[in-house]
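A short worksheet on the structure shown next.
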Amino acid sequence: MKNTFLAISSAGPNRDLSKGTREQSFWDEHAAFIDKLVDDGFILMGGPLVDEGGSLLVFNAEDENEVREKLKNDPWATHGILKLESVKRWQIFIDVRT
């Protein structure tokens, strides 16, 4: 059974804090990697933490290990742009009601 997980990453040692998200080294490779995970239904939503250089992503995964295993192949992880800080299982109680 799939569960919802949050992953929080911080700026890695090679993150250039003087540049925006799309100006970072290896942006195109990172974006292609993330887009594939979105297309596969693995990433549900996410984005940068505006003033911190990190990110928050929401996943549909079997377990924490699945999230960690996939994220370790992110070009921004392998090149030190982002550093994975934590992965937590999340139970959604509140959402937008229509």
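Counting in my numbering, the sequence shown runs from 1 upward without gaps. All residues carry an ideal CB built from backbone N, CA and C; glycine is no exception.
Hey, could you find the ends of the beta strand (DSSP E) Ile-8 is sitting in?
-> On the sequence shown, residue 8 is found 8 positions in, with the first residue counted as 1. Segment 3 to 11, the beta strand (DSSP E) holding Ile-8.
Alpha carbon to alpha carbon, how far is Lys-19 from Val-87?
-> Looking up residue 19 in the sequence shown gives position 19. Looking up residue 87 in the sequence shown gives position 87. The alpha-carbon atoms of Lys-19 and Val-87 are separated by roughly 26 Å.
Could you give the DSSP three-state label for Asn-73: helix, strand or coil?
-> For the purposes of this step, residue 73 is identified with residue 73 of the sequence shown, where counting begins at 1. Three-state result, Asn-73: coil.
With DSSP as the reference, please indicate the residues paired to Asn-60 in a beta bridge.
-> Counting from one through the sequence shown, the residue named residue 60 turns up at place 60. Bridge partners of Asn-60: Thr-4.
Could you check what DSSP says for Leu-17 in three-state terms: helix, strand or coil?
-> Taking the sequence shown and counting its residues from 1, the one referred to as residue 17 is at position 17. If DSSP states are grouped into helix, strand and coil, Leu-17 belongs with coil.
Going by the CB atoms, is the gap between Leu-6 and Trp-76 shorter than 8 Å?
-> The sequence position of residue 76 within the sequence shown is 76, counting from 1. The sequence position of residue 6 within the sequence shown is 6, counting from 1. No. Outside cutoff.
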